[in-house]
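Number of protein chains: 4
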Amino acid sequence: METAVLKLHCQDMKGIVYNVSRYLFECGGNIINAEQHAEAIDNRFFMRVCFDCSGLNRTREEFQAGLAALAAEFSMETRLSFSDRRKRMAVMVSNYDHCLYDLLLRHQYGEINADFALIVSNHRTLEPIAETFAVPFFYVPVTPQAKEEAEARVLGLFQAHHVDFVVLARYMQVLTEAFTSRYQNAIINVHHGLLPAFKGARPYHQAYEHGVKTIGATSHYATADLDMGPIIEQQTVRVDHTHSVETLVAMGRDIERNVLSAAVKAHADDRIMVYRRRTIVFR
Amino acid sequence: METAVLKLHCQDMKGIVYNVSRYLFECGGNIINAEQHAEAIDNRFFMRVCFDCSGLNRTREEFQAGLAALAAEFSMETRLSFSDRRKRMAVMVSNYDHCLYDLLLRHQYGEINADFALIVSNHRTLEPIAETFAVPFFYVPVTPQAKEEAEARVLGLFQAHHVDFVVLARYMQVLTEAFTSRYQNAIINVHHGLLPAFKGARPYHQAYEHGVKTIGATSHYATADLDMGPIIEQQTVRVDHTHSVETLVAMGRDIERNVLSAAVKAHADDRIMVYRRRTIVFR
Amino acid sequence: METAVLKLHCQDMKGIVYNVSRYLFECGGNIINAEQHAEAIDNRFFMRVCFDCSGLNRTREEFQAGLAALAAEFSMETRLSFSDRRKRMAVMVSNYDHCLYDLLLRHQYGEINADFALIVSNHRTLEPIAETFAVPFFYVPVTPQAKEEAEARVLGLFQAHHVDFVVLARYMQVLTEAFTSRYQNAIINVHHGLLPAFKGARPYHQAYEHGVKTIGATSHYATADLDMGPIIEQQTVRVDHTHSVETLVAMGRDIERNVLSAAVKAHADDRIMVYRRRTIVFR
Amino acid sequence: METAVLKLHCQDMKGIVYNVSRYLFECGGNIINAEQHAEAIDNRFFMRVCFDCSGLNRTREEFQAGLAALAAEFSMETRLSFSDRRKRMAVMVSNYDHCLYDLLLRHQYGEINADFALIVSNHRTLEPIAETFAVPFFYVPVTPQAKEEAEARVLGLFQAHHVDFVVLARYMQVLTEAFTSRYQNAIINVHHGLLPAFKGARPYHQAYEHGVKTIGATSHYATADLDMGPIIEQQTVRVDHTHSVETLVAMGRDIERNVLSAAVKAHADDRIMVYRRRTIVFR
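Chains as they are written, first to last, in the working numbering: chain R, 2 to 284; chain P, 2 to 284; chain X, 2 to 284; chain Z, 2 to 284.
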């Protein structure tokens, strides 16, 4: 089955669901799933429709033109994607492999509706894993002096490999604003703490010293403001006095991979919408 | 704001969302929230629409007549309810008070969109609680010899108090089929085990003896077949070798009250649909 | 069975378990349960022993004298309590009743090894609940101008009612250092956020605005530094974009009562030890 | 640091902790951690002591002889293991790789105190993974007609590779009683259901059809009675009507690997004791 996903948001008003569903019906689309959300802030309405587009009675270009007219009428912002155009992801890593393995395995199991375009790393450590899974691997070392050149090289690789979105799978370099602004709401990071608590470095050490009884991990879109981008997914695990920092790190690996993979799956499915600093993650 | 909830299910086919949203739009309704679900079994489509009906451009009777016509066209089963007609619930209890207290307090906090019609018990133990919360209390003793008379008395009380649905808050009597069939998908029971495991009596003892590492509680619609009705909500809690049966019972109280209240809230909100032995619980 | 709990901590060294168990054996005590913990910080050793003291072959005074000698030998800090001397707790509340109800009900179920000495409130709202459960209630209004007088009155009440520890069950006044220092590691507070995130006022609003996907509640010992005392228990619950601030507040009630009651139970059982800003909570 | 773990159980009586700690003290051992458990059934006492044995003032043989004398005095069953003798595990797999990968990766991260002796499979599918991680792989096909020969071959391989315990990482063949009795409480299986619910084949299909709201996975010691051996660990995950059987299978993979790895870690650490059909899993 050929499907498409339409995401839109606009001022909340009467008739949006009706007009969207009417348009899809007229074009021969069949709604498989639709979700709405009304955000109290600014009285904003969000909608995601997944529809069977194999019976479209016009070309995709015609369909999109009609959609643009509808969007203009309701001042909607819309985004449309077709399932036969799978997204391509770049994964950036350093030395830790647990998030990378999780993504590679879930991709093999068919859980992720996107494909690996390439893996980029500032270390050679994980190159053998890339080889095992037959994903192109590029070693791009980063030095404080030559960070911009390195980022330029990475951006060039992304362009050459037709990258749609980027996954920072425990990539241990801070990206510049120039870089993050090129992939707005399209760079997914994992932070090994339950943001906004324990931002920055060594969150498990911070957690240990605070004596918290719960640790967590967070996946979010990367923005210029480190660890402050819109949160996509968080998971927690109970800890107690018997757990050393090393144990917290080990327990953290499990939730880090989970929250990152959940975010990647949601992004690949076009289930995420961002409004201000909040995300709407449809099911 | 005056709202209404429309629930429907029918064969899955093109145009259902469109036709329903068109009808609501024509009648002056404004969709606040809509959810759909396609159940693979029998290719069945389910939908719940919550809409603002304060701007309806016709009487409720006219609206319902038009809806009936639409339902006939698509062979839909529909159910409509208006928020200004709050549901009335009967709570049946025996000696345990934790589920009853949880319902009474959540009702006070405004979490439950229904009101207490009465409390019926086969013991006098909890009468003072009913008094404190100003809910009519009726003591209806049950003996094996006179179970049918007792049930008849209870049904009479329900009718007199305009009961819409029934909550078995750890009511320790098995109801007859004659009774349960009078309130189909409208009697909510809590079982202190993670069904289908540990059916029947003394589930915490069973759990202890099996040495399980997780116990649970289940809320479900009561049917003639004890503990086998459609499951609405389940919660679990980790246990280990240090927990005695008494501790399991204590830990179980917390999840029993949670799953029962969650089910009552969902039912009161018209968020539950039943198909075969499965429930669809919209958000 | 008469039992006692011995808690101790000291430098970690060879022979502590042996010497403690030897002393108990010599005195006719029978160990029911013992837990140890070695905290990496400062190489510190912690131990809690619960023992059957009904067969003690000397008076309690003699037993304690011998224990003091042992403690001196190993530079141990020790604390001993007997189960036949139940602790007495003061509960301070304002207008919210969910934590208070939870404590009262768990006490009735026998879950809490302590008794209510009195309830103190800066409002009259919850007085009827205190009456229902037959706990003395004292209304002590607090004004910014006369905070110290109010606290003095409260401390007087605590003394008169032989209070061992204090529970702040959503008490909405900040206590002075003079007050908290009188009950060191004996005032248990609940904060409706997952500390150290969302300190201070309106944590659910903060959580909503940050768009977090997990909210939490924290119970901790109150210290002069607000919301910074040693954490005893934390629980979290998943949230998503569909949840309004009001829903977060409602979901929060469930975990607030849980973490507070868990802390109260642990404190009443003498299961908590504090070292620096971390707690050791034995099972 | 050289450490040893002593596990013992016996009738509960006065002086056990004292006598064990005295013996360790006399021999120059230093207790790092000790846990006790009193099982109500049969008044049975269980103890696990981890001690630093680098300062033992006698040979290990002498230490064990003295321990045997102590055990005889108190009718204790004891088991002793030294950390410098790492356990060797055999992993049996079929076609699914998620549990195998999880074990291999956790082993690399240093989470598992045991080493891979070999991987045995009735399929060749996972051989490349074994090669990548440099673990000997043996293909032992199983046919209904020649099951005993196959098992004999496997047992021969285990002996040749000095296998201490066996992990069934989604091995899809039922083992005979002759096989399981050779490794009593030393074969760890994962079942993809929350036992005792959904025993046997296709548990996710069963769960879907029952409409449960929680699914789970269970690790347990394999016994002759399929899926009935002592449970070591269970985890659950919430599901709802939107999840297809395929989604349940995918969600199940996460908890299957978790419960199996948790059991393997506990077994490798000598933290598990079995009594009747219950396990005591020390921390």
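Where is the CB? At the ideal position from N, CA and C, for every residue including glycine.
For Z/Thr181, the nearest beta carbon of chain P is not closer than 9 Å to its own beta carbon.
Contact check between the segment 84-97 of chain Z and the segment 160-172 of chain Z: three or more CB pairs, one atom from each, fall below 8 Å, which counts as touching.
Straight across, the Cα-Cα distance linking Z/Ala218 with Z/Thr177 is about 23 Å.
For R/Ser262, there is no enclosing beta strand (DSSP E); the residue is found in the alpha helix (DSSP H) stretching over 246-269. The beta-bridge partner set that DSSP reports for R/Tyr276 consists of R/Arg279.
X/Glu74 counts as exposed, since fewer than 16 other beta carbons sit within 10 angstroms of its beta carbon. Z/Asn123 has a beta carbon lying at 9 Å or more from every beta carbon in chain R.
Taking the CA atoms as reference points, R/His124 sits about 52 Å from X/Thr79. Taking 9 Å as the threshold, the shortest C-beta distance from Z/Gln185 to chain P does not fall below it. Contact with chain P is found for R/Ala35, since one of that chain's Cβ atoms lies less than 9 Å from the residue's Cβ.
From the listed residues P/Asp116, P/Leu104, P/Asn190, the smallest Cα separation to P/Arg86 is found for P/Asp116. Residue state for X/Glu3 is assigned as coil, using DSSP reduced to three classes.
Distance check between Z/Thr224 and each of Z/Val250, Z/Thr248, Z/Leu195, Z/Ala179 places Z/Ala179 closest, using alpha-carbon atoms only. For Z/Ile189, there are no neighbours in chain P by C-beta distance under 7 Å, as the nearest C-beta there is about 14 Å away.
Here R/Thr215 has Leu195, Thr237, Val238, Arg239, Val240 as same chain residues with Cβ atoms under 8 Å from its own Cβ, once five neighbours each way along the sequence are excluded. For the segment 229-243 of chain X, the beta-carbon criterion of a distance under 7 Å to any beta-carbon of chain R is satisfied by Pro231, Ile232, Glu234, Gln235, Thr237, Asp241, His242, Thr243.
Annotation note: the segment 203-227 of chain R contains the following uninterrupted alpha helix (DSSP H) runs of length 4 or greater, listed N- to C-terminal: 204-211. Per DSSP, R/Tyr140 is one residue of the beta strand (DSSP E) stretching across 138-140. Within the same chain, Cβ atoms closer than 6 Å to the Cβ of X/Val136 are found at Phe117, Ile120, the five residues on either side in sequence being excluded.
In the pairwise beta carbon analysis, the segment 14-34 of chain R is classified as touching the segment 17-34 of chain P: at least three pairs are separated by under 8 Å.
The beta carbon of X/His268 sits no closer than 9 Å to any beta carbon of chain P.
In this structure, DSSP gives R/Arg87 a state outside helix and strand, which the three-state scheme calls coil.
Counting along the chain, the unbroken beta strand (DSSP E) around P/Thr237 starts and ends at 232-239. Fully enclosed beta strand (DSSP E) runs of no fewer than 3 residues occupy 115-122, 138-140 of the segment 101-145 of chain Z, in order along the chain. Per DSSP, reduced to three states, the secondary structure at P/Phe199 is coil, with no helix or strand assignment. The C-alpha of R/Pro197 is placed about 49 Å away from the C-alpha of X/Cys54. The C-beta distance from P/His221 to P/Asn186 rounds to 10 Å, too long to fall under 8 Å, and the pair is not in contact. Apart from sequence neighbours up to five positions away, no residue of its chain approaches Z/Tyr102 with a beta-carbon distance below 6 Å.
Proximity of X/Tyr19 to chain Z, defined by a Cβ-Cβ separation below 9 Å, is satisfied.
In the three-state scheme derived from DSSP, where H, G and I count as helix and E and B as strand, X/Cys54 is classed as coil. The alpha-carbon of P/Gln235 is positioned some 14 Å away from that of Z/Tyr209.
Of the candidates X/Asn114, X/Leu104, X/Gly212, X/Gly212 places its Cα closest to the Cα of R/Tyr276. Rounded to the nearest whole angstrom, the CA to CA distance from R/Phe159 to R/Ala202 is 28 Å.
Taking a cut-off of 8 Å for Cβ pairs, the segment 127-147 of chain X and the segment 56-71 of chain X do not touch, as fewer than three such pairs fall below it. Proximity of Z/Leu101 to chain P, defined by a Cβ-Cβ separation below 9 Å, is not satisfied. R/Val167 is bridged by DSSP to R/Ala91, R/Ile188.
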